[in-house]
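For the sequence shown, numbering that gives the first Met the number 0 gives the first residue as 0, with consecutive numbering after it. Just so you know, even glycine gets a beta-carbon here, dropped at the ideal spot from N, CA and C.
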Amino acid sequence: MERVVTYLTDGLIRNRLLEEQDREIYEYGLGRLVGKTVSYTALLGLSLLIGTFVPGLWFLAFFFTLRGRTGGYHAATEKGCFLGTMVLYLVVMKGFLPLLVRWQQAGMVCLVLSAAAVLAFAPVNHPNLNFDPEEMRWYKRRSRLVLAGEILAVGFLQLVGAPQEWVCSAILGMTVCGFLLCLAKAAKQEIKTENGLRTEGRKTDE
Numbered sequence: 000m001e002r003v004v005t006y007l008t009d010g011l012i013r014n015r016l017l018e019e020q021d022r023e024i025y026e027y028g029l030g031r032l033v034g035k036t037v038s039y040t041a042l043l044g045l046s047l048l049i050g051t052f053v054p055g056l057w058f059l060a061f062f063f064t065l066r067g068r069t070g071g072y073h074a075a076t077e078k079g080c081f082l083g084t085m086v087l088y089l090v091v092m093k094g095f096l097p098l099l100v101r102w103q104q105a106g107m108v109c110l111v112l113s114a115a116a117v118l119a120f121a122p123v124n125h126p127n128l129n130f131d132p133e134e135m136r137w138y139k140r141r142s143r144l145v146l147a148g149e150i151l152a153v154g155f156l157q158l159v160g161a162p163q164e165w166v167c168s169a170i171l172g173m174t175v176c177g178f179l180l181c182l183a184k185a186a187k188q189e190i191k192t193e194n195g196l197r198t199e200g201r202k203t204d205e
């Protein structure tokens, strides 16, 4: 992936669309764009392969929308992040989704626990993000607004009689987000402020 990003950046600089001094900024941005594109494409492909395409869309929509405002656990390498995402998605959709469809009360418990995790811990200020206090307040408000919107959306799906696979997939998207929040806290992947001084937790690459 790094080679792809370097190749794209070199091409943009060679065609004078970018300045050489801005290389690092654009390599970072392109890296994130390429990484997300590869991850989304792979997840959708995996959904087709295991026969959970539509429920997978609900899971991914709820997960990534909330995750983008809350933050959460990051693997130490891009490869680890990619493989971990694939394995986690497979376990959730083939292992936990059938259980929640069968026992809907468990889905409500997951919804409550994930909401509690977001309210208690979001956002996690990962060292790679390095939010200032104003950004932390902004993401905290946004995370709660998105959480409220997703809870209302789950209620609406129930109200209109949507397939339980859709409802439970949406809940699982929120649940995984809450789980990764708790995992990030346990792994101390955050920047804390104590007595006005910043202290960093264990740093990892996104």
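Ranked by Cα distance from Ala-116, the options Lys-93, Ala-183 and Ser-46 are led by Ala-183.
Between Phe-52 and the set Met-92, Gly-83 and His-73, the nearest pair of CA atoms involves Met-92.
As the crow flies, the alpha-carbon of Met-135 is around 20 Å from that of Met-173. Nearest neighbour of Leu-48 by Cα position, chosen from Gly-154, Gly-148, Leu-89 and Gln-157, turns out to be Leu-89. In this model, Lys-35 and Cys-80 are separated by some 11 Å (Cα to Cα). Taking each of Leu-17, Gly-50, Gly-148 and Phe-63 in turn and checking the Cα distance to Ser-38, the smallest one comes out for Phe-63.
Trp-102 counts as exposed, since fewer than 16 other beta carbons sit within 10 angstroms of its beta carbon.
Under the Cβ criterion (8 Å, minimum of three pairs), the region 64 to 77 does not count as touching the region 9 to 27. For Val-53, the enclosing alpha helix (DSSP H) covers residues 52 to 69. In chain order, Leu-146, Ile-150, Met-173 and Gly-177 place their CB closer than 8 Å to the CB of Ala-114, counting only its own chain and leaving out the 5 sequence neighbours on each side. For Trp-165, the enclosing alpha helix (DSSP H) stretches over residues 163 to 185. Residue burial is scored here from C-beta neighbours: Glu-23 has fewer than 16 other C-beta atoms within 10 angstroms and is therefore classed as exposed.
Taking C-beta separations shorter than 6 Å and ignoring five residues to either side along the sequence, the partners of Phe-58 in its chain run Ser-168, Leu-171 and Gly-172, following chain order.
In this model, Val-166 and Asn-14 are separated by some 48 Å (Cα to Cα). The Cβ-Cβ distance between Leu-96 and Pro-54 falls below 8 Å. Your pair Gln-163 and Val-100 checks out as a contact, with CB atoms roughly 5 Å apart and the cut at 8 Å. Our two residues, Ala-161 and Gln-104, have alpha carbons roughly 17 Å apart in a direct line. Between Lys-187 and the set Asn-124, Gly-154 and Gly-44, the nearest pair of CA atoms involves Asn-124. In this structure, Leu-110 keeps its C-beta atom at 8 Å or more from the C-beta atom of Val-159. Taking 3 residues as the shortest admissible run, the region 88 to 116 contains no complete beta strand (DSSP E) segment at all. Look at Asp-21 here: in three-state DSSP terms it is helix.
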